[in-house]
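Novice: Okay, handing you the structure first.
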């Protein structure tokens, strides 16, 4: 009954899916491109019999790319396909993996779209990253004869409650997955409770992060000797909060600089306008701006190269309900981390930084201004927290090798 209801809801949602794509395309033109791929029509020339990785968006692609490269080394005669759901993920596939893989968008979870995709691609294996679980995609891929695996898996308490409500639909889907490698024990317990067959724990491959290619070449942002903080991967609504906090900090530290990097670079011009409306001299990274109060990052793939220019980091997607983006990208450079209250996508990672004493939960502009101000007023404390943050990253490395070895074993390591 649950499965039938799910299929009915998919059909009812189809007009809304089209409208949402068109609306998003107005704000982000890339969503208006290659729409046919989202309904299973793959590009001409795409190979069949591939090892298929699905990475969703930019964050998952960043984590998956080194895993994919390592598996490619072990299977040099195989063709690899990487699918995403977002234009930012698509851009990261091109930037990080180039022509070593084939790429297209994954089909939406309509049975006919998935079937069309599978008839063309005929994968020999599907590797899902993190928690991108769609019932038709998983079950139909397994039914086609391909092996399905889930790696670097995470499942928050909130998501677990949602899957439990799906009942038999979730059990059937998880029963189609031959192997699951989880980030942490609590996630593994949740998957087992939902009926998963083979579950193991390796830690998070995000702790094995590599610096992305230095293509753009981030230079000195020109803040001089003043303190600098960074807000990375911010969403609409969060930039206003960050700028309000920066106004308070400017009253206390007149020479303080801010690097503000929206999650989606196409929003950068609007973010820069918000900054200028608040009276800050503002420049765009793509213009090589220097010596401004606020530098807005608008070049894809440069955030990791901007973090080293700051001493304290706020990580976005955590004040607006998104679930929080990856704090490891900041911590690896020795930065204490601030995040808002919605961190369910990275809760176990954040818990490790909190236990070490280098993580600060915040609720709004006043909290951000207070904590950043305290850290800049006490350089020794700031340096100590930065070392602790980097230490957490170093202590949790090694998951990638374990994931790669497990995957290659499943795939039949030659």
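In the working numbering, the protein residues as written are 973 to 1386.
By construction, the Cβ of each residue, glycine as well, lies at the ideal position given by its N, Cα and C atoms.
Remember, predicted model here, so these are calculated numbers, not experimental data.
Please tell me whether residue 1255 and residue 1267 are closer than 7 Å, where the distance is taken between their beta carbons.
Specialist: Taking 7 Å as the Cβ cut-off, residue 1255 and residue 1267 qualify as a contacting pair.
Novice: Out of 983, 1211, 1134, state which residue places its alpha-carbon closest to the alpha-carbon of residue 1250.
Specialist: Comparing Cα-Cα distances from residue 1250 to each of 983, 1211, 1134, the minimum goes to 1211.
Novice: Measuring only the C-alpha atoms, how far is residue 1009 from residue 1109?
Specialist: Rounded to whole angstroms, residue 1009 to residue 1109 spans 14 Å at the Cα level.
Novice: Can you name, in chain order, every residue of its own chain whose Cβ lies under 7 Å from the Cβ of residue 1336, other than the five neighbours on each side?
Specialist: Around residue 1336: 1213.
Novice: Rounded C-beta distance between residue 1060 and residue 1036? I'm assuming under 8 Å.
Specialist: With a Cβ gap of about 14 Å, residue 1060 and residue 1036 do not count as contacting.
Novice: Quick one, which of 1355, 1356, 1083 has its alpha-carbon nearest residue 1111's?
Specialist: Checking every option, the nearest Cα to that of residue 1111 belongs to 1083.
Novice: Rounded to the nearest angstrom, what separates residue 1167 and residue 1132 at their Cα positions?
Specialist: In a straight line, the C-alpha of residue 1167 is about 12 Å away from that of residue 1132.
Novice: Measure the CB-CB distance between residue 1364 and residue 1315 and report whether it falls below 7 Å.
Specialist: Contact flag unset, no.
Novice: Assuming the contact rule is C-beta atoms closer than 8 Å, residue 1088 and residue 1012 should be a hit. Round their C-beta distance to whole Å, please.
Specialist: Their Cβ separation, rounded to whole angstroms, is 3 Å, which keeps residue 1088 and residue 1012 in contact under 8 Å.
Novice: Grouping DSSP H, G and I as helix and E and B as strand, with all else coil, what is residue 1209?
Specialist: Residue 1209: coil per DSSP, three-state reduction.
Novice: Are the beta-carbon atoms of residue 1371 and residue 1176 separated by less than 7 Å?
Specialist: Their beta carbons are under 7 Å apart, which means residue 1371 touches residue 1176 by this criterion.
Novice: Can you list, in chain order, the residues of its chain with a C-beta nearer than 6 Å to that of residue 1280? Leave out the 5 residues immediately preceding and following it.
Specialist: If we look at residue 1280 and ignore the five residues flanking it on each side, its Cβ neighbours are 1305.
Novice: Going along the chain, which residues of its own chain have a beta-carbon closer than 6 Å to the beta-carbon of residue 1042, five neighbours each way excluded?
Specialist: So the list reads 1376, once near-sequence residues are dropped.
Novice: Quick test of your reading: residue 1145 and residue 1032, contact by CB under 8 Å. State the CB separation rounded to the nearest angstrom.
Specialist: That belief does not hold up - the Cβ atoms of residue 1145 and residue 1032 are roughly 19 Å apart, past 8 Å.
Novice: In angstroms, rounded to a whole number, what distance separates the CA positions of residue 1218 and residue 1196?
Specialist: Near 17 Å, if we compare the C-alpha coordinates of residue 1196 and residue 1218.
Novice: Tell me the DSSP bridge mates of residue 1430?
Specialist: Absent from the model: residue 1430. The displayed extent of the chain is 973 to 1386, so no value can be given.
Novice: Roughly how many angstroms separate the alpha carbons of residue 1338 and residue 1052, rounded to a whole number?
Specialist: If I take the Cα positions, the gap works out to 48 Å.
Novice: Identify whether residue 1332 lies in helix, strand or coil by the three-state DSSP scheme.
Specialist: Three-state DSSP puts residue 1332 in a strand.
Novice: Look at the alpha carbon of residue 995 and the alpha carbon of residue 1003, and state the distance between them as a whole number of angstroms.
Specialist: Roughly 9 Å separates the two Cα atoms.
Novice: By Cβ distance below 7 Å, which residues in the same chain neighbour residue 1164 in space, the five residues on each side in sequence not counted?
Specialist: Taken in chain order, the residues that qualify are 1171.
Novice: If you check the beta carbons only, do residue 1119 and residue 1142 fall under 7 Å apart?
Specialist: No. Outside cutoff.
Novice: According to DSSP, which residues form a beta bridge with residue 1311?
Specialist: Partner(s): 1287, 1333.
Novice: Kindly indicate which residue of 1271, 1154, 1234, 1151 has the alpha-carbon position closest to the one of residue 1388.
Specialist: Examination of residue 1388 is not possible in this model, given that the chain is present from 973 through 1386 alone.
Novice: Would you decide whether residue 1071 is buried or exposed? Buried here means 16 or more other CB atoms lie within 10 Å of its CB.
Specialist: That one is exposed.
Novice: Please classify residue 1183 as buried or exposed, where buried requires at least 16 neighbouring CB atoms within 10 angstroms.
Specialist: Answer is exposed; the Cβ neighbour count stays below 16.
Novice: Helix, strand or coil, according to DSSP, for residue 1199 in the structure here?
Specialist: Of the three classes helix, strand and coil, the one that applies to residue 1199 here is coil, per DSSP.
Novice: Give a yes or no on contact between the segment 1147 to 1166 and the segment 1114 to 1128, applying the rule of three or more CB pairs nearer than 8 Å.
Specialist: A contact exists between the segment 1147 to 1166 and the segment 1114 to 1128.
Novice: According to DSSP, simplified to helix, strand and coil, what is residue 1229?
Specialist: If DSSP states are grouped into helix, strand and coil, residue 1229 belongs with the strands.
Novice: Over the uninterrupted beta strand (DSSP E) stretch that includes residue 1052, give me the two end residues.
Specialist: Run containing residue 1052: 1052 to 1056, per the beta strand (DSSP E) assignment.
Novice: If we ignore side chains and look at the alpha-carbon of each, how far apart do residue 1116 and residue 1140 end up?
Specialist: About 21 Å.
Novice: Are there 16 or more other CB atoms within 10 angstroms of the CB of residue 1262, so buried, or fewer, so exposed?
Specialist: Flag for residue 1262 reads exposed.
Novice: Could you say which of 1001, 1227, 1286, 987 lies nearest to residue 1308 if we only look at CA atoms?
Specialist: Closest by alpha carbon: 1286.
Novice: Quick check on residue 1080: buried or exposed, where buried means 16 or more other Cβ atoms within 10 Å of its Cβ?
Specialist: Answer is buried; the Cβ neighbour count reaches 16.
Novice: According to the Cβ coordinates, are residue 1093 and residue 1020 closer than 7 Å?
Specialist: Yes, these two residues count as a Cβ contact at 7 Å.
Novice: Using the Cα positions of residue 1240 and residue 1104, report the straight-line distance between them to the nearest angstrom.
Specialist: Taking the straight line from one Cα to the other gives about 28 Å.
Novice: Between residue 1330 and the rest of its own chain, which residues show a CB-CB distance below 6 Å, the 5 nearest in sequence each way excluded?
Specialist: Within the same chain, residue 1330 has close Cβ partners 1308, 1357, 1360, 1361.
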